[in-house]
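Structure first, then comments.
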Amino acid sequence: MEKLQSYMSGEWQAGAGAGRPVRHAVTGESLYEVTSEGLDMAAMLDFARQGGKTLAAMSFHQRALMLKNLASHLASQKEDFYALSTATGATRKDGWIDIEGGFATLFTYSSLVRRELSDERILIEDDWTPLSRKGGFGARHILTPKPGVAVHINAFNFPVWGMLEKLAPTLLAGMPAIIKPATDGAQLAQAVVKSAVESGILPAGALQIICGGVNNLLDLLGPQDVVTFTGSAQTGQTLRAHPNFNRQSIPFTMEADSVNSAILAEGAGEDAIKLFVREVMREMTTKAGQKCTAIRRAFMPRDLLPRVKDALLARLGKVVLGDPAKEGVTMGPLASQRQLKDVSERVEQLSAQAEILCGGHLAPFEVQADEPEKGAFYPPTLLLCNQPKESPAVHTTEAFGPVCTLLPYDSEDELVELVALGEGSLVASVVFEAGQDVSELVGRLGPWHGRLHLLDPISAEESTGHGSPLPHLVHGGPGRAGGGQELGGLRAVKHYMQRTAIQASPGAMSQVTHSWNTGAPVITDRVHPFRKYFDELAIGEQLKTARRTVTEADLVNFGCLSGDHFYAHMDKIAAAESLFGERVAHGYFVVSAAAGLFVDAAPGPVIANYGMEGLRFIEPVKIGDTIQVEFTCKQKTRKPQRNPEDLPQGVVVWDIKVKNQRDELVASYDILTLVQAKD
Ligand code: NDP
4 MEKLQSYMSG EWQAGAGAGR PVRHAVTGES LYEVTSEGLD MAAMLDFARQ GGKTLAAMSF
64 HQRALMLKNL ASHLASQKED FYALSTATGA TRKDGWIDIE GGFATLFTYS SLVRRELSDE
124 RILIEDDWTP LSRKGGFGAR HILTPKPGVA VHINAFNFPV WGMLEKLAPT LLAGMPAIIK
184 PATDGAQLAQ AVVKSAVESG ILPAGALQII CGGVNNLLDL LGPQDVVTFT GSAQTGQTLR
244 AHPNFNRQSI PFTMEADSVN SAILAEGAGE DAIKLFVREV MREMTTKAGQ KCTAIRRAFM
304 PRDLLPRVKD ALLARLGKVV LGDPAKEGVT MGPLASQRQL KDVSERVEQL SAQAEILCGG
364 HLAPFEVQAD EPEKGAFYPP TLLLCNQPKE SPAVHTTEAF GPVCTLLPYD SEDELVELVA
424 LGEGSLVASV VFEAGQDVSE LVGRLGPWHG RLHLLDPISA EESTGHGSPL PHLVHGGPGR
484 AGGGQELGGL RAVKHYMQRT AIQASPGAMS QVTHSWNTGA PVITDRVHPF RKYFDELAIG
544 EQLKTARRTV TEADLVNFGC LSGDHFYAHM DKIAAAESLF GERVAHGYFV VSAAAGLFVD
604 AAPGPVIANY GMEGLRFIEP VKIGDTIQVE FTCKQKTRKP QRNPEDLPQG VVVWDIKVKN
664 QRDELVASYD ILTLVQAKD
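Residue numbers (this note's numbering): 4 to 682.
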């Protein structure tokens, strides 16, 4: 039988020995043998470290563009992946979540990084924190790529998405990855890696895959390496205790079984009940319930149990289980016979404390397949536990299939207690009527979850659903869910970087961070900064403007022009009784007057004002005060040129300090301008 090859050290290699067979989830036919016996993990690590050097030398924007190209390339071959996906038991819809959901994650991460980060190799996390009285010493935090390797051990249920959701932040951070997919479904992950490697988009060593076991790889890892794991809590806990991880403080992120909940809130009416039933039903049947986020426990007020139960049973009765290739089939089989056995055993455990309302493996069920006995088919199974407080198994047993238990509750206090018996979950949905206030409940459920999905008839129209982790949001949960965090926008990228506090003088800090810092040396020039192209501007270049004395006429004119007649600016008596003791200029007048002082009006390389950030009014400006602006080039970010006909350009961040005649700061903020580049 064909052996599934691993991609290691720049070559496709087959392991020795017989290996573990991978079977077709529908037909039971043997497809591949999977073994990595005898493969050289040390050489693989060396190769990855070489790739890591190339990645680390790239800027964030270069890495993000690489990721976008990779996503486009993979998307162009999606039908090949769908074809392989059917052997894992996935329907077209299941495949879409895995395959196109994976590519969408790459695209989203690529644009997120290009939008949010400067085109640098280090990530600057926060603003300057002064640590001295005279301002000559302060600190900032920076993040640099770890010169190690990220080893991703993945689950069988999402061979593509599960791999790409971790790969995106890894590559963006500048780290190479070694993927170890689950043996079941490894052929699909391998096909995606093969396509990525053949595209030549990634540098050599950036991406490798082990089909089979990890051999001695984990013993060879060092302090700059990172390991992530998705799978069963049992394997995760064993791996977490690996002596090498302990010895070298190797970060280990775990995302494991989670007994997630859907909660129908007290006071729910017909609309909320409908939404609740729809959500539970969808989570039970999508991917045949083999989702880490699937709803395993469905809570409802006790008096609503009969309505929920009847509605769910009616909908589950319409599910067509069978071969996804057959017309009309709405739910496919489990991924393997191993999973079938596992789910059957778990349902047996659950049924000791809950009544099976429908499904289960003991009763006969219909399957639309040519040889149903050969596939890993399991029917949608709904259980009911009337005494959830006395039934610990329903809160801790995860049947990783189309299985859910109904749990009635008698009060909100009891509900919170019951949910907590799950010991920490990835996600819970709270379903309620529009206008109902669930803030108290959210506050109490928060500590037990990585994500809370609040579903009412308003959000339902556009909700992405209970079960969809999104690139921008945290995916991971406390306690039993593994305690890890994947995704979450830039949080995930930072996971593969080292955070370091830098203490320095303002000048040294400006050099390290490639951005001007208050107190750092400035450069002055006779040419106005607005007359300079993006490439000609130097970080720290400063214009000290002419001065302007603020008059009563300024206040009156600005008040009339803007329509802002607030008493502090316009009413002499009320202003005298106010905090200021007299009339003060509108804050927006100060900002406008500042622009009047620093702008060079004639057409030039400055294309547009892009926005303003961090505006603070520090001291009032009174009639007779004289203001002056210090206008300093703080940071520059080149914008990628999408089309050849687009003007080459970049975003320039200017530090603005408006001071009065006593050299006191009256306003400070950043403005962003789009500036044309020369090349
Ligand atoms: P496992 O924990 O057995 O496997 C998960 C991953 O770990 C696979 O890639 C597996 O490889 C690998 N692995 C297993 N043992 C080791 C080891 N000693 N060293 C390194 N890697 C190892 O989970 P299963 O895939 O068997 O699924 C079992 C259960 O886990 C499911 O029924 C479900 O309850 C839960 N699960 C939870 C998921 C989640 O996202 N939270 C996702 C999937 C499953 P290999 O396949 O080659 O053994």
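Each residue gets a CB set at the ideal place from its N, CA and C atoms; glycine is no exception. Note that the structure is a prediction, hence the values are computed from the model and not measured.
Cβ-heavy atom distance, residue i to the ligand NDP, below 8 Å
{"i": "C295", "result": "yes"}
{"i": "K183", "result": "yes"}
{"i": "E286", "result": "no"}
{"i": "F279", "result": "no"}
{"i": "E258", "result": "yes"}
{"i": "N249", "result": "no"}
{"i": "R454", "result": "no"}
{"i": "D187", "result": "yes"}
{"i": "N685", "result": "The question about residue 685 has no answer here: the residues shown for the chain are numbered 4 through 682."}
{"i": "S261", "result": "yes"}
{"i": "Q237", "result": "yes"}
{"i": "T233", "result": "yes"}
{"i": "I156", "result": "yes"}
{"i": "D658", "result": "no"}
{"i": "E401", "result": "yes"}
{"i": "F435", "result": "no"}
{"i": "L3", "result": "Residue 3 lies beyond the residue range present for the chain, which begins at 4 and ends at 682; the question has no answer from this structure."}
{"i": "V477", "result": "no"}
{"i": "D345", "result": "yes"}
{"i": "T241", "result": "yes"}
{"i": "R300", "result": "no"}
{"i": "F255", "result": "no"}
{"i": "Q390", "result": "no"}
{"i": "V37", "result": "yes"}
{"i": "Q211", "result": "no"}
Classification of residue i by the beta-carbon crowding that lies within 10 angstroms, buried from 16 upward
{"i": "Q545", "result": "buried"}
{"i": "S263", "result": "Checking the sequence shown, residue 263 turns out to be Asn, not Ser. Answer is buried; the Cβ neighbour count reaches 16."}
{"i": "P383", "result": "buried"}
{"i": "H572", "result": "buried"}
{"i": "V530", "result": "exposed"}
{"i": "E348", "result": "exposed"}
{"i": "A338", "result": "buried"}
{"i": "R155", "result": "According to the sequence shown, residue 155 is His rather than Arg. Its Cβ being crowded by 16 or more others within 10 Å, H155 is buried."}
{"i": "D649", "result": "exposed"}
{"i": "L115", "result": "buried"}
{"i": "N160", "result": "buried"}
{"i": "C295", "result": "buried"}
{"i": "A355", "result": "exposed"}
{"i": "K681", "result": "exposed"}
{"i": "F403", "result": "buried"}
{"i": "F569", "result": "exposed"}
{"i": "Y591", "result": "exposed"}
{"i": "M512", "result": "buried"}
{"i": "P367", "result": "exposed"}
For residue j and residue i, believed in contact at Cβ under 8 Å, the rounded distance
{"i": "F601", "j": "V553", "result": "The pair is not a contact, with the Cβ atoms about 16 Å apart (cut-off 8 Å)."}
{"i": "D459", "j": "A275", "result": "7 Å"}
{"i": "M44", "j": "L220", "result": "4 Å"}
{"i": "Q506", "j": "F140", "result": "7 Å"}
{"i": "P179", "j": "A199", "result": "With a Cβ gap of about 13 Å, P179 and A199 do not count as contacting."}
{"i": "G522", "j": "G138", "result": "5 Å"}
{"i": "L343", "j": "A379", "result": "4 Å"}
{"i": "I182", "j": "N157", "result": "7 Å"}
{"i": "A297", "j": "L353", "result": "That belief does not hold up - the Cβ atoms of A297 and L353 are roughly 14 Å apart, past 8 Å."}
{"i": "A463", "j": "L278", "result": "5 Å"}
{"i": "I204", "j": "L73", "result": "5 Å"}
{"i": "I542", "j": "N612", "result": "Contact flag wrong, Cβ pair sits at about 20 Å."}
beta-carbon residue i near the ligand NAD non-hydrogen atom, thresh 8 Å
{"i": "L307", "result": "Annotation note on the ligand NAD: not contained in the displayed structure, which lists the ligand NDP as its ligands."}
Any C-beta of chain C under 9 Å from that of residue i
{"i": "S121", "result": "No chain C appears in this structure, which consists of one protein chain only."}
With a cut-off of 8 Å, do at least 3 Cβ pairs link the region 585-594 to the region 515-524? no
### Query
With contact counted as at least three CB pairs below 8 Å, one residue from each stretch, are the region 25-40 and the region 121-133 in contact?
no
Exercise. Pair every Cβ in the region 48-60 with every Cβ in the region 145-155, then say whether three or more of these pairs are closer than 8 Å.
Key: yes
Tell me, please, whether the region 169-187 touches the region 480-499 by the rule of three or more beta-carbon pairs shorter than 8 Å.
yes
**Message:** Tell me whether the region 282-301 and the region 459-473 touch, counting them as touching only if at least three CB pairs, one residue from each stretch, are closer than 8 Å.
**Reply:** yes
Quiz item: Touching or not, the region 222-239 and the region 432-448, by the rule of three or more beta carbon pairs under 8 Å?
Solution: no
*asked:* Would the region 448-455 count as touching the region 414-431 if we require 3 or more Cβ pairs under 8 Å?
replied: yes
Check whether the region 360-375 and the region 318-338 touch, using three or more Cβ-Cβ pairs below 8 Å as the test.
yes
| Segment contact, 8 Å Cβ cut-off, at least three pairs: the region 67-75 with the region 29-42 | no
#### Entry: Cβ contact check for the region 302-309 and the region 410-419: 3 or more pairs under 8 Å
yes
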